[in-house]
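Residue numbers (our numbering), protein chains in the order written: chain A, 82 to 559; chain B, 3 to 407.
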Amino acid sequence: MIAALNQDQKIVHFLNRTSFGPTQDKIKKAARMGIGGYLDEQLAPERIPDQLAEEKIAGLKTMRLNSRELIELYPPPNLQRLQRQQANQPAAMAMPAMEGPRVVILELQQAKLLRALYSNRQLYEVMVDFWSNHFNIYIAKGANRWLTTAYDRDTIRPRALGQFKDLLLATAQSPAMLFYLDNWLSADPNSPGARIGGPNNRRRGLNENYARELMELHTLGVDGGYTQKDVQEVARCFTGWTIVQPQGQGVFRFEPRIHDNGEKTVLGQQIPRGGGMDDGLRVIELLVKHPATAKFIATKLVRKLVADEPPAALVSKAAEAFRQSDGDIPTVVRAIIEQPEFFAGDFYQGKIKNPFEYVASALRVTASETQVTHQLLRYLGRMGEPLFLAQAPTGYPDVAASWISADMLLTRMNFVSDLIANRLPGAKVAPEVLKNRDELIRRIAPDSLSPATQAALNATEGQQSIALLLAAPEFQRR
Amino acid sequence: MNSSRRDFLRSTGLGFLALGLPPAFLVRTAQAQSAKNKSLVVVFQRGAMDGLNVVVPFKDPAYYKLRPSIALREPGTNPESVIDLDGFYGLHPALAPLKNIYDQGQLAFIQATGSPDNTRSHFDAQDYMEIGTPGIKGTPDGWLNRCLLEGASSSSNFRGVAVTAQLPRMLAGRAPALTLSSIDEFHFRNEALGNALQKLYATSQDKELRLGAENLFSAMGELKRLSAKIPVSSERYPAGQFGAGLAQIARLIKADVGLEVAFTEIGGWDTHANEGGATGQLANRLKELGEGMAAFYRDLGQRMEDVVLLTMSEFGRTARENGNRGTDHGHANVMFAMGGKVHGGKVYGRWPGLAPEQLNEGRDLALTTDFRTVCGEMLTRHLGQKELTNIFPNFRATAPLGILA
């Protein structure tokens, strides 16, 4: 550990925490603008030109389509078969194997990685990743194959550096979340719209899935003081928050015919009868203002930006910033980064990169010309983080222990070995990087290489030495 | 194994690992010994399986009242009927591949079991089941790992293996445990780089990564030496990670690498909506589970005498179906135990009933057997653990159910 960071180390540390890894350009830029000036710029992403990233994803057609267009153009395989039969098309004219929803998923994964690599709005992309994981949905669950593109584009991205309340409401009303956590089906069993009929006179009823995760994972945290009764009451409040045709266009709608109009009590607060859609809005209001939410969100952000074990003092400052700003995300992020403690030596290279951060930072630091191929995405999967594919609503973990099993370490080492040898399809390392090891060290661990790594570098040369540096402990961390 | 012999193996084992030289006679001795090793394979069903629709209490009339649209039919000729197990319980038809094993007396079910903590959070409940201390979050290690600490019978790198990319909490802790998602890909693509990295990490001051790498390099070295004798599997496992994982565990067991505890997982059980009955969502998960277990059983053949496979899931689901033909988070669940020494062909556990007053919190199957009682029996009677105090602290085990002789 380092006692106090010098200026070069501060810049690398800052870029490690607020971007997908330092590059030569960004180090120069931060030195020129100062860390404070650079942070100001990063916190207003809409003003940062981002042409390169836009060009990189311009070819990904699905990124511009709405959910209905996606399902029409990329129907599930069995529907494709039916359409072919009905159109009397011979099998030889069938769509290539890659067509169908797999294209939609692939392009979304590609876009996510390309933006992490090429966007100038790095802190914004870090926050998009953070909130996508916080409000996780599993893309392989049914209709989510066609709903996640819009979730990413229209729900998360416009609000990732906005107001927490807007983000929470937007996710609550997003078809992808309504589908993933089943709220679209939840109904008051005694409401007029709940009747399905059939021989048993079947009725729809309450589904607790969303209500529980809303409190446990999105706002209060599991120890945030809610009860099973609260889960049921919140579920009642959100009855009627549904989707028009989840398999089709995927649009949020409040359906009063299945809403529970009775009185509810949530976290000790009365919600009078007859509130209709306002019941859910009241709950969101209540949860955003609850002190447990401020603390829970602050803790997760500090864990992401500072340390696996979030220092209590930083958490309480971040929580206070959350409360005072009514959950203004840039204010909370700034409150964390502007604390002198943020640059404490203890935290320098204190976080183990998750697989996404590791892969992105390796491609960035080597100025690789990258197209996101299957091989590249497969590496991410084998390291334990296939994109948009965390099945549980918890999302991916954010602590070291989850990412450094023997298997994962080996995969990381093999990944950089392939990358540096230019054997990774789609990624070409900038030739000058392979020739200038010292410059690479300045981007990774300025004046702070460990004796072990230094000795290992001294014993190797050329490509081998570059691969060694990217597989070394210093680069496993950020 | 007597203690002097164990010490001898342990010390010499460490010695030859450090030298990187495998004295052939020692390897042979260790193998002869480890061939007698018993293995416990844990299958974790993440997401909370609906046990009431898996081992179905078709004779309890309340079952049909609670589940008008997703209940499974009583045993009969209809393909949608449950498969009769004992006149009271029936097996989900998608688990047909397991019936034969049950009939041969090598598969048992334990109904109304699980963790006594009443959390309905997937995350907390999985954690509790993995660290083995329901209600206590601070426990730093998993119970499978503590089990390895108790009986250090060999220095094999393969005593504890998870065939998942991530090391599960159940197997994390002070005893070295390995993750091995693919035996065939567990090697360096650039050997010279691997050697250089081995040196680098061995002297690194970064303790967390040094330990992780030590584990990796040591296992990789051993695997390289053993690779010739690890058989290829010709058994047909279901496609997907679960089948592939079980196939790998079977290969390791057959190769006598000293595997004592193995871990794998299968997800997709969180059936809040459109759970299905004899077919559908739950049935699809069960099909994969059942086909995987049956393939594992055939694959190991006689070696099943030394193996127990045990399944568990964080909690059960509500006894009453919800308004979306699914079930919400509940309490007690069912576990499976499969192995040559299992007294199978029987459903264990006291049935608490499904009448309103018998339900947990008025909504779930009540718990009559703590999962630690079941796990403890596997640890003592199968793996030969003498003492469970450190493995399941603060747990007073009730009498074993007698699943194992």
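We put the beta carbon where it would ideally sit given N, CA and C, even for glycine.
- Any Cβ of chain A closer than 7 Å to the Cβ of G162 of chain B would place that residue at the interface, and such an atom is absent.
- Counting only residues of its own chain and dropping the five nearest sequence neighbours on each side, A221 of chain A has a CB closer than 8 Å to the CB of I186, L470, Q472.
- Rounded to the nearest angstrom, the gap between the Cα atoms of A379 of chain A and V414 of chain A is 9 Å.
- Note that the C-beta distance between M489 of chain A and G465 of chain A is below 7 Å.
- Sequence-distant Cβ neighbours of Y307 of chain A in its own chain, meaning closer than 7 Å and more than five residues away, are M296, L301, L348.
- Counting along the chain, no beta strand (DSSP E) covers A537 of chain A; the unbroken alpha helix (DSSP H) around it starts and ends at 532 to 539.
- Residues of the same chain with a CB within less than 8 Å of the CB of F188 of chain B, apart from the 5 flanking positions on each side, are L182, A221, M222, L225 in chain order.
- Following the DSSP letters along the chain, one finds R276 of chain A inside the beta strand (DSSP E) bounded by residues 276 to 278.
- In the DSSP assignment, no residue is bridged to R145 of chain A.
- Remark: fewer than three beta-carbon pairs, one from each stretch, lie closer than 8 Å, so the region 308 to 315 of chain A and the region 333 to 340 of chain A are not flagged as touching.
- Spanning the alpha carbons of P358 of chain B and A368 of chain B requires a straight line of approximately 11 Å.
- Proximity of G242 of chain B to chain A, defined by a Cβ-Cβ separation below 7 Å, is not satisfied.
- For A268 of chain A, the three-state secondary structure derived from DSSP is coil.
- The region 237 to 245 of chain B and the region 223 to 231 of chain A do not touch, with fewer than three beta-carbon pairs separated by less than 8 Å.
- Distance between G78 of chain B and Y91 of chain B, taken at the CA atoms: about 13 Å.
- Against chain A, the beta carbon of K201 of chain B has neighbours under 9 Å at A533, A536, A537, A540, listed in chain order.
- For Q203 of chain A, the closest Cβ of chain B is not nearer than 7 Å.
- If you look at Q350 of chain A, you'll find it in the beta strand (DSSP E) that goes 350 to 352.
- Annotation: D89 of chain A has no Cβ neighbours in chain B at a cutoff of 7 Å; minimum Cβ distance is about 20 Å.
- From the listed residues A:A394, A:N87, A:I365, A:Q544, the smallest Cα separation to G408 of chain A is found for A:I365.
- By the C-beta criterion, the region 498 to 510 of chain A is judged not to be in contact with the region 420 to 438 of chain A, since fewer than 3 inter-stretch pairs fall below 8 Å.
- When the beta-carbon positions are compared, V165 of chain B and G247 of chain B come within less than 7 Å of each other.
- Residues of chain A whose Cβ lies closer than 9 Å to the Cβ of E210 of chain B are, in chain order, I433, A481, A482, I485, P554.
- The C-beta of S100 of chain A comes no closer than 7 Å to any C-beta of chain B.
- Distances from the CA of V344 of chain B to each of B:C149, B:Y299, B:R327, B:Q360 were compared; the closest alpha carbon is that of B:Y299.
- When C-beta distances to chain A are compared with 9 Å, the residues of the region 184 to 195 of chain B below that value are S184, E187, F188, H189, F190, R191, N192, A194, L195, in chain order.
- Short of 6 Å from the beta carbon of Y66 of chain B, and not among the five residues preceding or following it, lie these beta carbons of its own chain, in chain order: A73.
- At a cut-off of 7 Å between C-beta atoms, G306 of chain A does not count as an interface residue with respect to chain B.
- Following the DSSP letters along the chain, one finds G116 of chain B inside the beta strand (DSSP E) bounded by residues 109 to 116.
- Under the 10 Å beta carbon count, T205 of chain B is surrounded by fewer than 16 other beta carbons and is classified as exposed.
- Ranked by Cα distance from G162 of chain B, the options B:G332, B:G260, B:A114 are led by B:G260.
- Look at the region 225 to 311 of chain A and you find these whole runs of beta strand (DSSP E), each 3 residues long or longer: 276 to 278.
- If you look at G223 of chain B, you'll find it in the alpha helix (DSSP H) that goes 209 to 228.
- The three-state secondary structure of D366 of chain B, taken from DSSP, is strand.
- Scanning its chain for C-beta atoms nearer than 8 Å, with the 5 sequence neighbours on each side dropped, one finds around K101 of chain B the residues I85, L93, in chain order.
- Taken through DSSP and simplified to helix, strand or coil, F160 of chain B comes out as coil.
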